[in-house]
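Each remark here refers to the structure printed beneath this line.
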Amino acid sequence: MNKILKLTFVLFLICAIVAGILGAVDLITRDRITAYQTEKSNAARAAVMPVNVPEGQALYTDLDLKDLGIPTNINANGQKIKILSVSEANDGSGWVVETEFSGAQGTIVMMVGVNQALRCTGISITQHSETSGLGANAASVAEVGVNFRAQFKGVDEHVQLKKAGGEIDALSGATITSRSVTNATSAAIQFVEALQSAN
Amino acid sequence: MNFKKQLKEGVITNNPILVQQLGMCATMAITTSLFNGVGMGLSVLIILTCCNVAVSAVRKFIPDEIRLAIFVVIIAGFVTIVDLLLQAYIPALSESLGVFIPLIVVNCIIIGRAEAFCQKNPVGPSFVDGITQGLGYTVVLIVMCLIREFLGSGRFGGGLIDVAKGITLDGTGSGIQLFNSDYGASILTLPVGGFLTLGFIFAAMQAALKKAAKKKAEKANEEEGEEA
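Sequence lines, in order, name chains A and B. Heads up, the first sequence is in numbering that gives the first Met the number 0, so the first residue is 0 and it goes up one at a time. Heads up, the second sequence is in numbering that gives the first Met the number 0, so the first residue is 0 and it goes up one at a time.
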């Protein structure tokens with residue numbers, strides 16, 4: 000019995016010391032980490048939906064998905080697209096929708112900007128694990144990626160790949176990635192449409 | 000135990016990756032650019048050294064039955080500290096290493112050294128052991144990065160070096176392009192390329208170690224012969 004108490008005490012003591020140190024480190028780093036994350040997500044949002052607000056004001060307002068009461072799982076051309084978050088541009092020009100969906104290899108997280116006229120203003124992939132050199136080009140900063148993403152500017156919810164009779168040129172060797180990106184864009188626009196009619 | 004001997008052990012004769020074959024998952028996954036390799040290597044070096052010192056300092060108070068649990072708590076603590084510091088001060092590195100920083104918690108090198116070395120040795124040698132083993136790990140990572148980056152995308156020093164800006168510590172450098180990346184064997188930048196590269200380095204290392212051992216044996220034989 001004594002032995003068990005001793006073991007418990009030693010383990011507790013060490014855990015308590017480690018927890019204390021971690022608390023202190025968290026205190027020091029927390030502000031910097033949140034600031035960096037806000038800056039990063041603002042940059043990603045500004046890339047798809049530029050805003051024009053006086054300096055010093057918040058660029059976007061996050062909307063609470065639960066309060067909106069709109070379905071967050073959207074079926075676009077047979078693919079399930081999940082809406083992760085939506086924020087409204089503070090100059091009233093539109094919304095930025097964060098979508099999550101399956102690509103060719105894994106989950107892709109993508110920001111889609113949608114304006115009041117229900118047109119896409121741009122897309123930006125923030126997270127993916129597509130094949131390097133093929134599907135990964137969709138997120139690339141190189142010309143091929145920039146050109147691919149630029150095609151989505153101005154499209155509406157009926158956007159399709161050329162193969163399916165639409166206007167988007169798929170990335171070579173990456174039809175599945177291209178199709179899922181197209182479907183997610185369509186889903187984001189459908190979501191904003193529902194958001195507009197709910198208001 | 001002196002520093003020179005431990006350094007030789009850590010980097011060559013008892014290298015954590017090439018001889019002990021520990022921590023290979025992260026090795027194969029992250030060695031795609033020099034920036035990642037140096038960052039991961041130094042992170043492991045720092046965590047390993049801190050853990051070695053901590054484990055060795057408390058080794059006399061730790062009951063044998065719960066030593067593994069305590070090692071894991073100490074390691075997880077240091078890894079979380081490094082993870083938070085990286086997120087706050089070098090976010091580019093934190094993003095590009097991704098999940099592999101938290102995964103250092105279960106990296107066998109650290110718990111392996113705690114179990115095999117630090118719980119039997121005082122703080123001083125344990126500290127040196129952390130640095131030398133960490134260096135051994137870093138050296139292998141850098142070699143793998145150089146090979147994979149060069150053959151896979153024709154680059155040198157991706158993330159860390161930029162032609163225009165010199166050395167970039169924020170991971171934005173594009174590296175020095177030695178040949179057009181279209182002619183690179185892009186398979187080497189994929190995980191399978193990690194397996195291949197590591198396999199060849201293993202083979203080369205084993206061959207070199209064997210040759211050295213043979214030479215030593217021959218020398219010993221010759222000396223014996225002279226005496227006779």
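Think of the CB as a built atom: it goes at the ideal place given N, C-alpha and C, for glycine as much as any other residue. Since the model is a prediction, treat every value here as computed from it, not as a measurement.
- In this structure, DSSP gives B/F178 a state outside helix and strand, which the three-state scheme calls coil.
- Here DSSP, grouped into helix, strand and coil, assigns B/F70 to helix.
- Chain-order list of chain B residues neighbouring A/Y59: empty, with the shortest C-beta distance near 20 Å, by a criterion of under 7 Å.
- Less than 8 Å separates the beta-carbon of B/G38 from that of B/L92.
- Taking CB atoms only, B/F194 has no neighbour in chain A less than 8 Å away.
- Secondary structure of A/G102 (DSSP, three-state): coil.
- With respect to chain A, the C-beta atom of B/L102 has no partner C-beta closer than 8 Å.
- Contact between B/S32 and B/G157 holds, with the beta-carbon distance rounding to 4 Å and staying under 8 Å.
- The residue from A/N146, A/M48, A/T106 and A/N76 with its alpha-carbon nearest to that of A/S86 is A/M48.
- Relative to the Cα of A/Q56, the nearest Cα in the group A/G77, A/L26, A/I69 and A/D90 belongs to A/D90.
- Counting the other Cβ atoms within 10 Å of the Cβ of A/H127 gives 16 or more, which makes it buried.
- Contacts with chain B at 8 Å (Cβ-Cβ) do not include A/R44.
- Secondary structure note for A/I188: its alpha helix (DSSP H) is the uninterrupted segment T174 to A197.
- The distance from the Cβ of A/L10 to that of B/I74 is about 15 Å, inconsistent with a contact at the 8 Å cut-off.
- DSSP, read as helix, strand or coil, puts B/Q86 in helix.
- Here B/Q176 has G153 and R154 as same chain residues with Cβ atoms under 7 Å from its own Cβ, once five neighbours each way along the sequence are excluded.
- Straight across, the Cα-Cα distance linking B/T131 with A/L12 is about 30 Å.
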